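Colleague: This is the structure I want to talk about, given as structure tokens.
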Amino acid sequence: MLNTILPILLLAALALAAIGAAKRFYMWRRGRPAQVDWLGGLLAMPRRYLVDLHHVVERDRYMSRTHVATAGGFVLAALLAIVVHGFGLHSRILGFALLAATALMFGGALFVAKRRLDPPSRLSKGPWMRLPKSLLMFSASFFIATLPVAGILPEGFGGWLLAAILAIGVAWGVSELFFGMTWGGPMKHAFAGALHLAWHRRAERFGGGRSTGLKALDLSDPMAPLGVEKPTDFTWNQLLGFDACVQCGKCEAMCPAFAAGQPLNPKKLIQDMVIGLAGGNDAKFAGSPYPGKPLGEHSGGPHLPIVALEGKALVDAETLWSCTTCRACVEECPMMIEHVDAIVDMRRHLTLEKGATPNKGAEVLENLIATDNPGGFAPGGRLNWAADLNLPLMSEQKQADVLFWVGDGAFDMRNQRTLRAFVKILKAAKVDFAVLGLEERDSGDVARRLGDEATFQSLAKRNIATLAQYRFKRIVSCDPHSFHVLKNEYGALGGSYEVLHHTTFIDELVKSGALQLGQSKADSVTYHDPCYLGRYNGEYEAPRAVLKAIGIEVKEMQRSGFRSRCCGGGGGAPITDIPGKQRIPDMRMADIKETGAELVAVGCPQCTAMLEGVVAPRPEIKDIAELVADVLIDSTDAPAKKPTPAKREMAEVH
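Reminder that position 652 of the sequence shown reads as 652 in the UniProt record's numbering, one-by-one numbering, no gaps.
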């Protein structure tokens, strides 16, 4: 009986799965065109899955081992089951191989079932709760059905009763794991996820690469949409990426806005995009809702607006404006989904098409257009902070080894202390540097994160034109946001430069012997990793190396390095100011206080402002440049030394 039923079940499931795959692929292709390497992506997919993706999954050792056993066992068991039971190749060797695969899968499924007995709040429930049962049923049924093939049990063992039971078990497991993989269900991520890795919109992330710069809009094309209004405005491979979500909730657990009680949950946002593409409402979402937003009140369709300025739609605007663009969700995602890209794409439509930037957003954008800085300060005051420093100007020198990009911290009295400290370091090291002075404009970071791509590109192109007049080897900035934009986003507009954060540059100066330093008197210090320096650009080691060089041993926070908690200052969040149950910087200060540190070392003006905005009592906040400047030993008579790049190894920070 089994020899008749199993081939029918398997081949029917495969046929239905193929039909579902075609329907699902057609659904993704409703999105806008995107250029992908079709064949190259498919060929690269196994390595991306087994190496690049596994590096992320490996951070959770329990799930990593479970995934290897369950997923690896399933893939092998499914292929062998089709060969052995689908096509009737009853070889003892193949039989034993199938037994081993199903046993491996069964072991992994037991660990999945154990995790689901008391699942973390971040995990989706609902249909996901039946997945362990389906995995166990698939592996157990095929294991028993294969025993006669391996010669362990005689043919026809158990008679019709056992055959009927096994047929039911196989039908259950096959329908969930084959049929559900393409028609929708907990295993959907296995199919969509594999193709997402093959045709990822940021293929440069694989093979150890890094890709964090936002994609530029083609503003010269009058037919191109200005951002994303409806699900089909996303590129088709973005839609594919959304469909790959495994609903593990690791993004949710790391999101500072969600933790603060603001109306954002990155996991639900991705699922809302899938709901919108397929059509429907969020009533059956099996995870945590947006804080303060009950389920069942939002719905959408592939050609309906995602955000409605009046009435209910798929997503409320304040959900998008809650994001700090810290990229913690992207860093944690085991399916390598790009949440921040999607959020900014939707912001672009609200800003460029609807003019609906909330709170002080419109004022800031108007200031950038009128005065080239978000605060609306008179541009002529950009160098007032350095009136007594006699800074060399590029307009006078025409060339320098280092162009010091000052940034809009020039208008902030607190950040001026950091800038003056860094100038002191540059002069002590006898670095050949110059500044743009009044020729410098805002880098455009804030405008771009608020969705105003037009203002960003205008500022960027003007800055690029200014920089083109001069000769320099490198740009150095104390602001990770300007550093990131200049390094990773100006290139698409014609401005490619070598750009360093000031902590990286100071580390080079220290290692080359260009600075004579004393020892800091600070006893208890922790270091806060800025999102745009760490997660966006992978720089974790240099700031710590500099602190160590001046005698400071960092007391690490529980969330540090690539898991650092955002200060709340990125992505225009302080400007849009969406309320929650608590403030993000207050949560970060709680992390800091757990270390017992009396001083917080920082490397970002936004982080400084947000952390110093926490009500006292709290530790003192100092930029690393200030800490270094405090221990500089006067070396005016020492011979000039030019810094040489030093090879650095990444610190292991968690």
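Glycine included, each C-beta is placed from N, C-alpha and C at the ideal position. Nothing here was measured: the structure is a model prediction, and the numbers come from that model.
Name the two residues that bound the continuous beta strand (DSSP E) containing F234.
Modeller: Start at 1 with the first residue of the sequence shown, and residue 234 comes out as number 234. Careful: F234 lies outside any beta strand (DSSP E) and carries neither H nor E.
Colleague: Can you tell me which residues form a DSSP beta bridge with T146?
Modeller: For the purposes of this step, residue 146 is taken as the residue at position 146 of the sequence shown. Note: T146 sits in no beta bridge, so no partner.
Colleague: In the DSSP output, which residue or residues are listed as bridge partners for A400?
Modeller: Here residue 400 refers to the residue found at position 400 when the sequence shown is read from its first residue. In the DSSP output, where bridge partners are listed per residue, A400 has F472.
Colleague: Can you check which of these residues, A100, H90, A69, F87, is closest to F111 by C-alpha distance?
Modeller: The residue labelled residue 111 in the question sits at position 111 within the sequence shown. That would be A69, whose Cα lies nearest to the Cα of F111.
Colleague: Can you name the residues that DSSP bridges to Y527?
Modeller: Counting from one through the sequence shown, the residue named residue 527 turns up at place 527. Y527 has A601 as its beta-bridge partners, per DSSP.
Colleague: Whole angstroms is fine: what's the gap from T104's alpha carbon to G73's?
Modeller: By 1-based counting over the sequence shown, the position of residue 104 is 104. By 1-based counting over the sequence shown, the position of residue 73 is 73. According to the sequence provided, residue 104 is Leu. The question's Thr does not apply to it. C-alpha separation (whole angstroms): 5 Å.
Colleague: Which value, in whole angstroms, describes the spacing of the CA atoms of Y527 and E556?
Modeller: Here residue 527 is taken as the residue at index 527 of the sequence shown, counted from 1. Here residue 556 is taken as the residue at index 556 of the sequence shown, counted from 1. Using only the alpha carbons, I get a separation of about 7 Å.
Colleague: L419 and C323: beta carbons closer than 8 Å?
Modeller: Here residue 419 corresponds to residue number 419 of the sequence shown, with the count starting at 1. Here residue 323 corresponds to residue number 323 of the sequence shown, with the count starting at 1. No, the pair does not count as a contact, with Cβ atoms beyond the cut-off.
Colleague: Quick one: give me the first and last residue of the alpha helix (DSSP H) that K548 is part of.
Modeller: Mapped onto the sequence shown, residue 548 falls at position 548. Residues 541-549.
Colleague: By alpha-carbon positions, which one of E252, A18, S443, I270 ends up nearest to F242?
Modeller: Along the sequence shown, one-based indexing puts residue 242 at 242. Residue I270 is the option with its Cα nearest to F242.
Colleague: With respect to the beta strand (DSSP E) encompassing D623, which residues constitute its N-terminal and C-terminal limits?
Modeller: If you number the sequence shown from 1, residue 623 lands on position 623. Its beta strand (DSSP E) spans residues 620-623.
Colleague: Output needed for L94: all residues of its chain with C-beta closer than 7 Å, excluding positions within five of it in sequence on either side, in chain order.
Modeller: Taking the sequence shown and counting its residues from 1, the one referred to as residue 94 is at position 94. Cβ within range, chain order: L80, V83, V84.
Colleague: Taking all protein chains shown into account, do 16 or more other C-beta atoms lie within 10 angstroms of the C-beta of S220, making it buried, or fewer, making it exposed?
Modeller: For the purposes of this step, residue 220 is identified with residue 220 of the sequence shown, where counting begins at 1. By the 10 Å Cβ count, S220 comes out exposed.
Colleague: Among N537, R535, D529, which residue has its Cα nearest to the Cα of residue 675?
Modeller: In the structure displayed, the chain extends from 1 to 654; residue 675 sits before or after that span and is not available.
Colleague: Can you tell me which residues form a DSSP beta bridge with R32?
Modeller: Position 32 of the sequence shown, counted from the start, is the residue given in the question as residue 32. According to DSSP, which records beta bridges pairwise, R32 is partnered with T235.
Colleague: Have a look at the DSSP bridge pairing and note the partners of N281.
Modeller: For the purposes of this step, residue 281 is identified with residue 281 of the sequence shown, where counting begins at 1. S299, per the DSSP bridge assignment.
Colleague: Relative to the C-alpha of L99, which candidate in A78, R116, G86 has its C-alpha closest?
Modeller: Reading the sequence shown from its first residue, position 99 is the one you call residue 99. Comparing Cα-Cα distances from L99 to each of A78, R116, G86, the minimum goes to A78.
Colleague: Cutting at 6 Å between CB atoms, please list the residues of its own chain near G107, excluding the five before and the five after it.
Modeller: Sequence index remark: in the sequence shown, residue 107 carries index 107 (1-based). Contacts found: A69.
Colleague: To test your reading of the DSSP string, which unbroken beta strand (DSSP E) runs of 3 or more residues are found completely within the stretch 475-520?
Modeller: 499-501
Colleague: Which parts of the stretch 174-229 are runs of the alpha helix (DSSP H), unbroken and 4 residues or longer, counting only runs that do not cross its ends?
Modeller: 180-183, 188-198
Colleague: Three or more C-beta pairs under 8 Å: does that hold for the stretch 493-503 against the stretch 453-470?
Modeller: yes
Colleague: So, helix, strand or coil for A447, using DSSP?
Modeller: Position 447 of the sequence shown holds residue 447. In this structure, A447 counts as helix in the three-state DSSP scheme.
Colleague: Which residue from L304, K293, R441, A447 puts its Cα closest to that of K362?
Modeller: Working through the sequence shown from its first residue, we reach residue 362 at position 362. Rather than Lys, the amino acid found at residue 362 in this sequence is Ala. The shortest C-alpha separation from A362 is found at A447.
Colleague: Where does F422 fall in DSSP's three states?
Modeller: On the sequence shown, position 422 is the one that residue 422 refers to. It is helical.
Colleague: From N488 to Y497, what distance separates their C-alpha atoms?
Modeller: What you label residue 488 is simply residue 488 of the sequence shown in a count that begins at 1. What you label residue 497 is simply residue 497 of the sequence shown in a count that begins at 1. Rounded to whole angstroms, N488 to Y497 spans 9 Å at the Cα level.
Colleague: In angstroms with no decimal places, state the Cα-to-Cα distance between L438 and C531.
Modeller: Reading the sequence shown from its first residue, position 438 is the one you call residue 438. Reading the sequence shown from its first residue, position 531 is the one you call residue 531. Near 29 Å, if we compare the C-alpha coordinates of C531 and L438.
Colleague: Taking C-beta to C-beta, are S64 and S288 nearer than 8 Å?
Modeller: Taking the first residue of the sequence shown as 1, we reach residue 64 at position 64. Taking the first residue of the sequence shown as 1, we reach residue 288 at position 288. No. Outside cutoff.
Colleague: Let me know the secondary structure DSSP gives T106 once reduced to three states.
Modeller: What you label residue 106 is simply residue 106 of the sequence shown in a count that begins at 1. Note that residue 106 is Phe in the sequence shown, not Thr. Residue state, collapsed to three classes: helix.
Colleague: If you draw a straight line from the C-alpha of A646 to the C-alpha of V510, how long is it?
Modeller: By 1-based counting over the sequence shown, the position of residue 646 is 646. By 1-based counting over the sequence shown, the position of residue 510 is 510. Confidence is the limiting factor: at A646 the pLDDT is only 47, short of 50, which leaves the residue's position unreliable, though a coordinate-based value still follows. When rounded, the distance between both Cα atoms is 10 Å.
Colleague: Could you tell me whether the Cβ atoms of P334 and C255 are closer together than 8 Å?
Modeller: Position 334 of the sequence shown, counted from the start, is the residue given in the question as residue 334. Position 255 of the sequence shown, counted from the start, is the residue given in the question as residue 255. No, Cβ-Cβ distance for P334 and C255 is not below 8 Å.
Colleague: Whole angstroms is fine: what's the gap from W385's alpha carbon to A410's?
Modeller: By one-based count along the sequence shown, residue 385 stands at place 385. By one-based count along the sequence shown, residue 410 stands at place 410. Cα to Cα, the separation comes out at about 6 Å.
Colleague: Any heavy atom of the ligand FAD closer than 7 Å to the Cβ of L389?
Modeller: Summarising the ligand content, the structure contains no ligands, and the ligand FAD is consequently not present.
Colleague: Going by DSSP, what residue range makes up the alpha helix (DSSP H) through S458?
Modeller: On the sequence shown, position 458 is the one that residue 458 refers to. Per DSSP, the continuous alpha helix (DSSP H) segment holding S458 begins and ends at 453-467.
Colleague: With DSSP collapsed to three states, give me the class of A260.
Modeller: One-based indexing of the sequence shown puts residue 260 at position 260. A260 falls in the coil class under three-state DSSP.
Colleague: How is the alpha helix (DSSP H) around F377 delimited, first residue to last?
Modeller: Counted from its first residue, the sequence shown places residue 377 at position 377. Where F377 is concerned, there is no enclosing alpha helix (DSSP H), given that its DSSP letter is neither H nor E.
Colleague: Among all the DSSP beta bridges, which residues are the ones paired with A69?
Modeller: Along the sequence shown, one-based indexing puts residue 69 at 69. DSSP lists no partner for A69.
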